[in-house]
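Asks: Protein chains in written order, with my numbering: chain A, 4 to 341; chain B, 4 to 341.
Just so you know, even glycine gets a beta-carbon here, dropped at the ideal spot from N, CA and C.
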DNA sequence: CTGAAAGCGCTTACAG
DNA sequence: CTGAAAGCGCTTACAG
């Protein structure tokens, strides 16, 4: 019994022989190019069907120098990615941005392999371009890819000083809006739980909050840090209350952080918004599942994925006049927590 | 200003010229083959560094007929995948199974594109093999891939009558164990909320429950259906109670279904396990977050992903004596709900 | 240890 | 409308 994979795949050459035409003609049929007689086309299609011919992509890529696939590179571990609704939305957006382009998506988890392997894969002609998301710190990856000639667009502003185009939510204005809202509603001792300081989202939302506070001549010393987790938010809220027990408002840099903060506040018997006002960021599904429902800064994550991908594909196609980077608007959604 | 992607990538030929050796020697260095003098190796490595040379994968694939990447094909929409912890665990397992193999993972969402595009991609020499998960109904995809000579291993038993190797949890024994547990603990009117009947998990767990009931000469007419969602579980539980108000035990084909059932039971003022015993399936994180905590049948999903991938890689490498299929054990975990 | 040459399976001008 | 030929950038026997 011969294992099925021993079977040698038919080549274009064999299709040509069976159809009684030249390789050129077969190639034209496969690529749907004009200038083929009905008769020849029919013969080729028949032969393709009979032989179950599938074009060899490697050969095709080698000559066309295109692969018809793009990569989504996630600078995170696989389990983090699959557990976070942020990535689900990014992925939806990426697929939406690719719709109709007849391209494949290759998903790569940067943290699951060594950098060189990833870089060689991306630069080795496997993909036509890459969307890179969730960069940490001053990751040199984007610059390396660009230097190798690969079209790259980032989701989120990079921290490294590179001129790689990116699409991001306007996090700074989002943080500013949150601070202004808390000020406008009469809060006096406003704190923030900032996100990670190795990511632009963390830095920019904090900078927005600081600017809002500065506008009103308020001090900005009530700052705690948290990663994007419930536990982190809970711990940061506790630290904040320990250092500044009279805090009466908090801007949390993400809804998931706000959830953690809510938990700590409940444990300490503090009412939201009566004792402490709380503003989140994201307007994720979490925001309306809490009690009280979260006032939060909305960002459109799916749109982030779509815009980034559309921008990348335009670049891959060689379109001109593309924006270096794009900032998508954020919007305050007022509910019950502030 | 020249866009960076205009830069022509250096070829092996140029490396050879700069290093003052032949293409053969460069190739040997790149592929870490023996029989290269220290001097030649150093010269080549220098040239590679200077030119920032990265081998062209398409050319390499064309001649070696290997791509060093495998596909994980998920027969679901992207958003479903990213929202479900099942896939997070499968992915972890797949990465664990690939560890040390220096291969890339290409993630493909079958439902996001037309079948032909997917098939051409997979059969066109882009990947060395495929793990296919979450097949629905009698999907012809696996048979097609195998016919095209692509090594394929499935996560989960396929419904179509094909001889494609698969790795699955022993769902039948799991269902049997659940039924026996309910019988042993004295339950008299035992129902089940079965999973989708277009998936083996749904069919096999139900079959196990039926067998357990038959062993004890019990009737098996208390059957409701649900998809893998909380809402589905809640609705199925309601339907079950409406048709058979005296039901005193339920085997739910998944923890997430059991969560929905719990909700309905609470709404109707029925106590678990006093009025109705409930057994779930999966032992996911959900099982211990409910009140009461779920008695459930544990399956090791990460191991499912790892075993499937290891089996695939062994086949790709041409190893012999591989098992046609593998069934991983399931285990009853007794907690508070039954 | 090294290199010249053939060939992987396609596409693409080019000539007819 | 069609085909012969060159070439994409590698690897792999083969000869030395």
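Please identify the residue among 330(A), 244(A), 48(A), 32(A) whose C-alpha is closest to the C-alpha of residue 310(A).
Replies: In the first chain, residue 310(A) corresponds to position 307, counting from 1. Of 330(A), 244(A), 48(A), 32(A), the residue nearest in Cα terms is 330(A).
Asks: Against chain A, does residue 58(B) count as a neighbour if the rule is that its beta carbon must be under 8 angstroms from one of theirs?
Replies: Against the second chain, residue 58(B) aligns to sequence position 55. Yes, its Cβ sits closer than 8 angstroms to a Cβ of chain A.
Asks: Within the 8 angstroms Cβ cut-off, does residue 138(B) reach chain A?
Replies: The sequence position of residue 138(B) within the second chain is 135, counting from 1. No, its Cβ sits nowhere closer than 8 angstroms to a Cβ of chain A.
Asks: If you draw a straight line from the alpha carbon of residue 17(B) to that of residue 73(A), how long is it in whole angstroms?
Replies: To locate residue 17(B), count along the second chain from 1; it is residue 14. To locate residue 73(A), count along the first chain from 1; it is residue 70. Distance between the alpha carbons of residue 17(B) and residue 73(A) is about 27 angstroms.
Asks: Which full runs of the beta strand (DSSP E) of 3+ residues lie inside the region 4-82 of chain A, going along the chain?
Replies: Unbroken beta strand (DSSP E) runs of no fewer than 3 residues, entirely contained in the region 4-82 of chain A, are found at 72-77, following chain order.
Asks: Do residue 175(A) and the ligand PLP come close, with the Cβ less than 7 angstroms from some heavy atom?
Replies: The ligand PLP is absent from the structure shown, which contains no ligand whatsoever.
Asks: What are the residues that DSSP puts in a beta bridge with residue 101(A)?
Replies: On the first chain, residue 101(A) is found 98 positions in, with the first residue counted as 1. Looking at the DSSP assignment, residue 101(A) forms no beta bridge with any residue, so it has no partner.
Asks: Per DSSP, what kind of secondary structure is residue 202(A) in: helix, strand or coil?
Replies: Walking along the first chain from the start, residue 202(A) turns up at place 199. The answer is coil: DSSP assigns residue 202(A) none of H, G, I, E or B.
Asks: Terminal residues of the continuous alpha helix (DSSP H) containing residue 222(B)?
Replies: On the second chain, position 219 is the one that residue 222(B) refers to. Looking at the DSSP string, residue 222(B) is not in any alpha helix (DSSP H), and its letter there is neither H nor E.
Asks: The beta strand (DSSP E) spanning residue 158(B) covers which residue range?
Replies: What you label residue 158(B) is simply residue 155 of the second chain in a count that begins at 1. Unbroken beta strand (DSSP E) run through residue 158(B): 155-158.
Asks: Where are the beta strand (DSSP E) runs, 3 residues long or more, that stay fully inside the region 220-254 of chain B, in chain order?
Replies: 226-228
Asks: Can the beta-carbon of residue 262(A) be found less than 8 angstroms from the beta-carbon of residue 243(A)?
Replies: The residue labelled residue 262(A) in the question sits at position 259 within the first chain. The residue labelled residue 243(A) in the question sits at position 240 within the first chain. Taking 8 angstroms as the Cβ cut-off, residue 262(A) and residue 243(A) do not qualify as a contacting pair.
Asks: Does residue 62(B) get closer than 8 angstroms to chain A when you measure Cβ to Cβ?
Replies: For the purposes of this step, residue 62(B) is identified with residue 59 of the second chain, where counting begins at 1. Yes, because at least one Cβ of chain A sits closer than 8 angstroms to the Cβ of residue 62(B).
Asks: When the Cα atoms are used, what is the spatial distance from residue 158(B) to residue 89(B)?
Replies: Walking along the second chain from the start, residue 158(B) turns up at place 155. Walking along the second chain from the start, residue 89(B) turns up at place 86. Computed Cα separation, rounded: 12 angstroms.
Asks: With 7 angstroms as the C-beta to C-beta threshold (strictly closer), list the residues of the region 116-135 of chain B near chain A in chain order.
Replies: 120, 123, 124, 126, 127, 128, 129
Asks: With 16 other CB atoms within 10 Å as the buried threshold, where does residue 229(B) fall?
Replies: As a position in the second chain, residue 229(B) is number 226, starting the count at 1. A buried status is given to residue 229(B), since no fewer than 16 other beta-carbon atoms sit within 10 Å of its beta-carbon.
Asks: Alpha carbon to alpha carbon, how far is residue 281(B) from residue 337(B)? Give it in angstroms, no decimals.
Replies: The count along the second chain starts at 1 and reaches residue 337(B) at position 334. The count along the second chain starts at 1 and reaches residue 281(B) at position 278. Computed Cα separation, rounded: 11 angstroms.
Asks: If the criterion is Cβ atoms closer than 8 angstroms, does the pair residue 107(A) and residue 64(A) meet it?
Replies: By 1-based counting over the first chain, the position of residue 107(A) is 104. By 1-based counting over the first chain, the position of residue 64(A) is 61. In this structure, residue 64(A) does not lie closer than 8 angstroms to residue 107(A) by Cβ.
Asks: Can you find a CB in chain B that lies within less than 8 angstroms of the CB of residue 152(A)?
Replies: Indexing the first chain from 1 puts residue 152(A) at position 149. Yes, its Cβ sits closer than 8 angstroms to a Cβ of chain B.
Asks: Quick one: residues in its chain with C-beta nearer than 7 angstroms to the C-beta of residue 33(A), no 5 flanking neighbours on either side, listed in chain order?
Replies: For the purposes of this step, residue 33(A) is taken as the residue at position 30 of the first chain. Within the same chain, 58 come within 7 angstroms of residue 33(A) by CB-CB distance, once the 5 residues on both sides are set aside.
Asks: Which chain A residues are close to residue 110(B), counting only those with a beta carbon under 8 angstroms from its beta carbon?
Replies: On the second chain, residue 110(B) is found 107 positions in, with the first residue counted as 1. Chain A residues near residue 110(B): 108, 109, 110.
Asks: Could you check whether the Cβ of residue 12(A) sits closer than 8 angstroms to any Cβ belonging to chain B?
Replies: Here residue 12(A) is taken as the residue at index 9 of the first chain, counted from 1. It does; some Cβ of chain B falls within 8 angstroms.
Asks: Taking residue 165(A) as part of the alpha helix (DSSP H), name the residues at either end of that continuous run.
Replies: Counting from 1 along the first chain, the entry for residue 165(A) is found at position 162. Premise fails: residue 165(A) is in no alpha helix (DSSP H) and is neither H nor E.
Asks: Buried or exposed: residue 184(A), going by 16 or more other Cβ atoms within 10 Å of its Cβ?
Replies: Here residue 184(A) refers to the residue found at position 181 when the first chain is read from its first residue. It counts as buried.
Asks: For the candidate residues 105(A), 43(A), 234(A), 114(A), whose alpha-carbon lies nearest to that of residue 266(A)?
Replies: The count along the first chain starts at 1 and reaches residue 266(A) at position 263. It is 234(A).
Asks: For residue 105(A), go through chain B and note every residue whose CB falls closer than 7 angstroms to its CB, in chain order.
Replies: As a working mapping, residue 105(A) is identified with position 102 in the first chain. Chain B residues near residue 105(A): 120.
Asks: Contact between the region 118-133 of chain B and the region 299-309 of chain B: three or more CB pairs below 8 angstroms?
Replies: no
Asks: Note down, in chain order, every chain A residue with its Cβ under 8 angstroms from the Cβ of residue 55(B).
Replies: Counted from its first residue, the second chain places residue 55(B) at position 52. 150, 151, listed in chain order.
Asks: At what residues does the beta strand (DSSP E) containing residue 334(B) begin and finish?
Replies: As a position in the second chain, residue 334(B) is number 331, starting the count at 1. It spans 334-336 - the beta strand (DSSP E) in which residue 334(B) sits, taken as one unbroken run.
Asks: Would residue 65(A) count as contacting chain B if we go by Cβ distances under 8 angstroms?
Replies: Here residue 65(A) refers to the residue found at position 62 of the first chain. Chain B, which has a Cβ nearer than 8 angstroms to the Cβ of residue 65(A), makes this yes.
Asks: For the alpha helix (DSSP H) holding residue 149(A), just list the boundary residues, first then last.
Replies: Taking the first residue of the first chain as 1, we reach residue 149(A) at position 146. Note, residue 149(A): alpha helix (DSSP H), 144-150.
Asks: Check residue 257(A) in the structure and name its three-state DSSP category.
Replies: Counted from its first residue, the first chain places residue 257(A) at position 254. Note: residue 257(A) maps to coil in three-state DSSP.
Asks: Please determine, among 284(A), 253(A), 286(A), 259(A), the residue with the shortest C-alpha to C-alpha distance to residue 277(A).
Replies: Walking along the first chain from the start, residue 277(A) turns up at place 274. Among 284(A), 253(A), 286(A), 259(A), the Cα nearest to that of residue 277(A) is on 253(A).
Asks: What separation, rounded to the nearest whole angstrom, lies between the Cα atoms of residue 147(A) and residue 161(A)?
Replies: Start at 1 with the first residue of the first chain, and residue 147(A) comes out as number 144. Start at 1 with the first residue of the first chain, and residue 161(A) comes out as number 158. Cα to Cα, the separation comes out at about 13 angstroms.
Asks: In whole angstroms, what is the alpha-carbon distance linking residue 200(B) and residue 206(B)?
Replies: Stepping through the second chain from its first residue, residue 200(B) is reached at position 197. Stepping through the second chain from its first residue, residue 206(B) is reached at position 203. Taking the straight line joining both Cα atoms gives about 6 angstroms.
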